[in-house]
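Worksheet for the structure shown next.
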Amino acid sequence: MRIYNTLTGKKDEFTPIEQGKVRIYVCGVTVYDYCHVGHARSAIVFDVIRRYFKHKGFEVKYIRNFTDIDDKIIKRANEEGIPWHEVAKKYTEEYYQDMDALGVERADVEPRATEYINEMIEMIQGLIDKGYAYVVDGNVYFEVEKFGEYGKLSKRSKDEMLAGARVEVDERKKNPLDFALWKASKEGEPSWPSPWGEGRPGWHIECSVMSMRLLGETFDIHGGGADLIFPHHENEIAQSEAFTGKPFVRYWIHNGFITVSKEKMSKSLGNFFTIREVLKRFDPEVLRVFLLSTHYRSPIEFSYEQLLDAEASVDRFYTTVMRVEQYLKLIKEDGRDTDEEPLAEALEKFPERFEEAMDDDFNTALALGHIFELIKELNRYLDRRPQGIKAKETIEKALSLIKKYSAVLNIFQRTPSEWQISLLRTKGIKLTPEEIEEKIKERQQARARKDWQTADSIREALYEQGIVLEDTRHGTVWRVKVGEEIPV
RNA sequence: GGCGGCGUACCCAAGUGGCUAAGGGAGAGGUCUGCAAAACCUUUAUUCGCCGGUUCGAAUCCGGCCGCCGCCUCCA
Numbered sequence: 003m004r005i006y007n008t009l010t011g012k013k014d015e016f017t018p019i020e021q022g023k024v025r026i027y028v029c030g031v032t033v034y035d036y037c038h039v040g041h042a043r044s045a046i047v048f049d050v051i052r053r054y055f056k057h058k059g060f061e062v063k064y065i066r067n068f069t070d071i072d073d074k075i076i077k078r079a080n081e082e083g084i085p086w087h088e089v090a091k092k093y094t095e096e097y098y099q100d101m102d103a104l105g106v107e108r109a110d111v112e113p114r115a116t117e118y119i120n121e122m123i124e125m126i127q128g129l130i131d132k133g134y135a136y137v138v139d140g141n142v143y144f145e146v147e148k149f150g151e152y153g154k155l156s157k158r159s160k161d162e163m164l165a166g167a168r169v170e171v172d173e174r175k176k177n178p179l180d181f182a183l184w185k186a187s188k189e190g191e192p193s194w195p196s197p198w199g200e201g202r203p204g205w206h207i208e209c210s211v212m213s214m215r216l217l218g219e220t221f222d223i224h225g226g227g228a229d230l231i232f233p234h235h236e237n238e239i240a241q242s243e244a245f246t247g248k249p250f251v252r253y254w255i256h257n258g259f260i261t262v263s264k265e266k267m268s269k270s271l272g273n274f275f276t277i278r279e280v281l282k283r284f285d286p287e288v289l290r291v292f293l294l295s296t297h298y299r300s301p302i303e304f305s306y307e308q309l310l311d312a313e314a315s316v317d318r319f320y321t322t323v324m325r326v327e328q329y330l331k332l333i334k335e336d337g338r339d340t341d342e343e344p345l346a347e348a349l350e351k352f353p354e355r356f357e358e359a360m361d362d363d364f365n366t367a368l369a370l371g372h373i374f375e376l377i378k379e380l381n382r383y384l385d386r387r388p389q390g391i392k393a394k395e396t397i398e399k400a401l402s403l404i405k406k407y408s409a410v411l412n413i414f415q416r417t418p419s420e421w422q423i424s425l426l427r428t429k430g431i432k433l434t435p436e437e438i439e440e441k442i443k444e445r446q447q448a449r450a451r452k453d454w455q456t457a458d459s460i461r462e463a464l465y466e467q468g469i470v471l472e473d474t475r476h477g478t479v480w481r482v483k484v485g486e487e488i489p490v
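Structure (structure tokens):
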């Protein structure tokens, strides 16, 4: 496996610290508001990375934290007039609701910053003792000048950063680049006792403490959004390596941004779409496929048009499954065997191709392409109306193989009817499956007496409401029209 | 200003030295169908922002230019 490592700036062959095991820490969210699509991307990307390691037989220990104390949470609490921990609790629950919907699995351990205050204080004290940190008025700062390798992750020198001159001015710091390990609290702010007075931890220290406590002083993979490279992850490296004297993390993985009109989706620009807002109009699987259709390090331009394309491609899968289900009902096991050569060959090559794609820095877009190639091959085979026990087995094998590998991406795991029922909801179609079936029966009777006019008008009426009928050899099936907005 | 990235068909997107430049969406024609739909077939980039160079050979490497974006401040 080759993984692009931000630290080395290239794809590195992955070798775990301990054979067969991989330890991963991913920066989660600060729970002060609803998550947007950018958060969804990060969560889904690392969810897939974790699933793929498991698929490869690794024993995975996966940690994702919650930042549940910070300035933004305090601000939010003041705005809403509720205690800060209520804010954290509320948005943690909302986070789970969104992530569960998106099929993002819970991490093995999900530590919260406030559960590790004592450990953070210990580490900060350690840094002071070792001469890497200093106290000013109840604040503790990390002294960047003391850590020679500062800048090795974000590839910049201390001088360049100072030349940037956009660093905040804080008189108390010895150097503008120094960052807070501990912040003295103001009157009325949440605080914890410490050797330096009442206060709260700085942001960066929590990830160092929790990751090292849970995974060891050196672990395999640390991930997060590309915007965390500097200063967050740079600072984590500085304080962690200064403290232990050992390398902190072997592989740094960062995902790219979601953009809207080419600009980064962000809270401050106000150009964000929340996950739940998107899920009102699209099935979660559509969002997942959309996000996995682009390599995780590339930017993705977000738009409803693109989601409609993704929706059509997901529909292509479930339509094929529906077709297979219909077909298998009537296949003759004792019929003469049909040559299954092209499909059998595709089935043979598929696992290897899929893994080759994923082994190359988790190329989900290519892996997804291979899945669709196999779907095409399966459809081709069905077009030839194969018969016989062998044909049946080949078809079943194709489907189970697609499902098995799609599970790594956690897509394509439902039944066609589950997908259709979900579409009824996201498209705002008022009809129930029962009502549609009723119409189909009615139309069947008209068709039986060759009353094409009546049959066609029923079909058109349903089409107007977003339902497409398909007359197959094995009966009539319905689907929700996808890929375009339903005119309301 | 410093550092980093991107520019592949109508849209999205994979491909980073050499088989026919994946795959999805959209369009056109065809097969199938009572008609449709789905599926399949054909078709839509002799060409990969532009200009040079290296090479037997480049979308892929090097140089320059143009355009876009990100980080340098909280940020997935």
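All residue numbers for the first sequence refer to the working numbering, where the first residue is 3 and numbers rise by one.
C-beta atoms are modelled at their ideal positions from N, C-alpha and C, and glycine is treated no differently.
Paired residues, beta bridge with residue i - DSSP
i	result
GLU486	Paired residue(s): none; GLU486 is not in a bridge.
LYS185	ARG202
THR261	LYS266, GLU303
LEU471	TRP480
HIS224	TYR27, TRP254
VAL62	VAL24
GLU15	ARG4
Nonlocal neighbours in the same chain, by C-beta distance under 8 Å from residue i, ignoring five residues either side
i	result
GLY22	GLY59, PHE60, GLU61
ARG338	GLN389, GLY390
VAL470	LEU464, TRP480, ARG481, VAL482, LYS483
GLU335	GLY390, ILE391, LYS394
LYS12	TYR6
THR456	ARG445, ALA448
GLU327	PRO418
ALA244	LEU129, LYS132, TYR134, PHE144, LYS148, PHE149
Close beta carbons around residue i, own chain, < 7 Å, minus the five adjacent residues each side
i	result
VAL24	PRO18, PHE55, PHE60, VAL62, ASP222, ILE223
ASP72	THR32, TRP205
PRO85	ALA79
GLU121	VAL211, ARG215
GLU107	ASP49
GLU162	none
Pairwise C-alpha distance: residue j and residue i
i	j	result
GLU395	PRO388	11 Å
GLY153	LYS282	42 Å
ILE404	ARG427	26 Å
VAL280	ARG290	11 Å
LEU271	ARG449	57 Å
MET360	ASP49	14 Å
TYR503	GLU379	Outside the displayed range of the chain (3 to 490) lies residue 503, so it cannot be described from this structure.
LYS432	TRP194	54 Å
PHE284	TYR298	21 Å
GLU82	ILE76	10 Å
ASP317	GLU375	15 Å
THR474	TYR329	10 Å
GLU303	GLY140	44 Å
LEU164	GLU265	26 Å
TRP421	TYR320	7 Å
ARG53	TYR407	11 Å
MET3	ILE373	20 Å
ILE460	LEU332	27 Å
TRP454	GLU462	12 Å
GLU343	HIS57	28 Å
SER196	ALA182	14 Å
Whole-number beta carbon distance between residue j and residue i, since they are thought to touch under 8 Å
i	j	result
LEU104	PRO286	5 Å
GLY204	SER187	With 8 Å as the limit, GLY204 and SER187 do not qualify as a contact, their Cβ atoms being about 12 Å apart.
ILE5	PHE16	5 Å
ILE231	GLY40	Between GLY40 and ILE231 the Cβ distance is about 15 Å, and since that is not below 8 Å, they are no contact.
TYR97	CYS37	6 Å
LEU310	GLU486	6 Å
LYS43	LEU425	The question names Lys, yet the displayed sequence has Arg at residue 43. With a Cβ gap of about 23 Å, ARG43 and LEU425 do not count as contacting.
MET125	VAL47	About 29 Å separates the two Cβ atoms, so there is no contact after all.
THR322	ILE377	5 Å
GLU208	ALA115	4 Å
VAL142	TRP184	4 Å
LYS176	TYR136	7 Å
ASP100	ARG278	6 Å
SER268	PHE274	6 Å
LEU179	THR8	About 20 Å; that fails the 8 Å criterion.
Cβ-based neighbour list, residue i, same chain, cut-off 6 Å, excluding 5 preceding and 5 following
i	result
GLY30	ARG66, ASN67, PHE68
ILE488	At ILE488 the pLDDT is 49, less than 50, meaning the model places this residue with poor confidence and gives no usable figure here.
ARG325	none
Could you check whether the region 340–353 touches the region 437–456, counting it as contact only if at least three pairs of C-beta atoms, one from each stretch, sit closer than 8 Å?
In short, these stretches do not touch, since the Cβ pair count stays below three.
Three CB pairs or more closer than 8 Å across the region 250–262 and the region 216–236
Between the region 250–262 and the region 216–236 there are three or more inter-stretch CB-CB distances shorter than 8 Å, so the stretches are counted as touching.
On the three-pair Cβ rule with 8 Å, is the region 28–43 touching the region 76–93?
Yes, the region 28–43 is in contact with the region 76–93.
Contact between the region 353–373 and the region 405–422: three or more CB pairs below 8 Å?
Flag = yes, the region 353–373 and the region 405–422 touch.
Any contact between the region 232–252 and the region 134–152? By contact I mean 3 or more CB pairs, one from each, below 8 Å.
Contact check between the region 232–252 and the region 134–152: three or more CB pairs, one atom from each, fall below 8 Å, which counts as touching.
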